[in-house]
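S.K.: Take the sequence shown: its letter number 54 is residue 54 in the UniProt record's numbering, and every next letter is one higher.
Note that CB positions come from ideal geometry on N, CA and C, so glycine has one too.
From a predicted model like this one, the values you see are computed outputs, not experimental measurements.
Quick one: structure below, then a few questions.
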Amino acid sequence: MATSRSKNRRLTDLVRLLNLLPYFEAHPGRSMMEAATDLGLPPSQVQEDLSRLFCCGPGTFPDELVDLDAELRSVTVINNQGMDSPLRLTHTEASALLLALETLEQVPGLVKRSAVLSAAEKIRQTMGKETHGIFDSTSLGNDLATEPNLEIIRESMSTRTQIEFDYYNRNRDEMSHRVVSASRIFTHGGETYLTAWEESSESHRTFRVSAMSSILATNLRATPRLERATFDDSDPFNFSTTSEFAKLELSAEALWMADTIPLKIEKANSEGWYEGTLPLVSREWVIQFVLSNLDRVRVTAPRDLAQAVQDRAKLALSVYDPKQVTSSK
């Protein structure tokens, strides 16, 4: 087992060493620090590898050895001994890379999507029929995963300009006009969201992209305030920072909802309903959520929130003719 690990380590070292030559051939004069950043290596590793390469070659005479002018600020390959092309990927490596690129193609907010498409196409051309088992989104059109709104947002992030749009707030059932600086695009629960800095509220706000309309790019310089835009993939809406919670009860048939919202189920009560807690980020959202599921969800605390749900339900029923409400039961 130890021998196998040693062989794998030596092979990894060899591949890393041999890939340095074509890299510096393609980027003459690039510094060791820049190469380390591009290749994801410690600068000390790049320096050590270049020193080892300087003593390598197919023979023993000076003209049969790799010749380098390697300094921290600049590296130039004088004689590469024919090793001027990157090592070829194995079929397994190429397939894995192609799958990763296909996934990246579908990621909203990808700024340089053309580079990803180009890399995937080159791999497909090289591997030929061996890639037929890997889904090709480009065969259905390069715009398969693009949306006009997302393209405008991507462009604004690239040009560092603000965007303006009309936004429909489903909880309040109202439209508002927003001017923001895009900070981040992310997906959650099948929806795409934009986090952006809004000068009028002096804070970052999160918008559902599908609720944005009449989106336009402006000539205003963007101020995304990225240093203040904290983001946690596991908690994109910062529910963990909420100090107030609502207590809900769900019927057994509605337990699946706990997988779609940040609801923590605690126990079942004597009536067969399941008690849980929900971060109270938006009171209006909770009211709308419960009203939409009155037959299987109810609020027990805070008391004023439970009362607000009851008042809103009575108000909704009051618009119906009492005879119609009675006959529909």
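Secondary structure at T300, three-state DSSP: helix, strand or coil?
M.R.: Start at 1 with the first residue of the sequence shown, and residue 300 comes out as number 300. Reduced to three states, the DSSP call for T300 is strand.
S.K.: If we ignore side chains and look at the alpha-carbon of each, how far apart do G189 and A35 end up?
M.R.: Numbered from 1 along the sequence shown, position 189 holds the residue referred to as residue 189. Numbered from 1 along the sequence shown, position 35 holds the residue referred to as residue 35. G189 and A35: Cα-Cα distance of roughly 38 Å.
S.K.: In the DSSP assignment, find the unbroken beta strand (DSSP E) run with P279 in it and report its ends.
M.R.: Residue mapping note: residue 279 aligns to position 279 of the sequence shown, counting from 1. Segment Y274 to P279, the beta strand (DSSP E) holding P279.
S.K.: Assess, as a yes-or-no matter, whether the region 188-202 is touched by the region 238-246 under the definition of 3 or more beta carbon pairs within less than 8 Å.
M.R.: no
S.K.: Within the continuous beta strand (DSSP E) that includes N169, where are the two ends?
M.R.: Counting from 1 along the sequence shown, the entry for residue 169 is found at position 169. Unbroken beta strand (DSSP E) run through N169: T161 to N169.
S.K.: Comparing alpha-carbon positions, which option in L72, Q307 and V180 lies nearest I153?
M.R.: Here residue 153 is taken as the residue at index 153 of the sequence shown, counted from 1. Of the candidates L72, Q307 and V180, the one whose C-alpha sits nearest the C-alpha of I153 is V180.
S.K.: Is the beta carbon of F231 closer than 8 Å to that of R283?
M.R.: Here residue 283 refers to the residue found at position 283 when the sequence shown is read from its first residue. Here residue 231 refers to the residue found at position 231 when the sequence shown is read from its first residue. Result no, Cβ atoms of R283 and F231 do not sit closer than 8 Å.
S.K.: Would you kindly check if the distance between the Cβ of V209 and the Cβ of N149 is under 8 Å?
M.R.: As a working mapping, residue 149 is identified with position 149 in the sequence shown. As a working mapping, residue 209 is identified with position 209 in the sequence shown. Yes. Within cutoff.
S.K.: Going along the chain, which residues of its own chain have a beta-carbon closer than 6 Å to the beta-carbon of C56, five neighbours each way excluded?
M.R.: In the sequence shown, residue 56 corresponds to position 56, counting from 1. The answer, listed in chain order, is V66.
S.K.: Might you give, ordered along the chain, the residues of its own chain that have their beta carbon closer than 6 Å to the beta carbon of T206, omitting 5 neighbours on each side?
M.R.: Here residue 206 is taken as the residue at index 206 of the sequence shown, counted from 1. Y193 and T195, listed in sequence order.
S.K.: When DSSP labels each residue in this structure, what does E198 get in the three-state scheme?
M.R.: For this step, residue 198 is matched to residue 198 along the sequence shown. Looking at E198 - three-state DSSP - the assignment turns out to be strand.
S.K.: What does a CB cutoff of less than 8 Å around L255 pick up in its chain, not counting 5 residues either side in sequence?
M.R.: Here residue 255 refers to the residue found at position 255 of the sequence shown. Result list for L255: I265 and Y274, in chain order.
S.K.: Just the Cα atoms here: how many angstroms apart are N293 and V309?
M.R.: Here residue 293 is taken as the residue at index 293 of the sequence shown, counted from 1. Here residue 309 is taken as the residue at index 309 of the sequence shown, counted from 1. One C-alpha to the other measures close to 11 Å.
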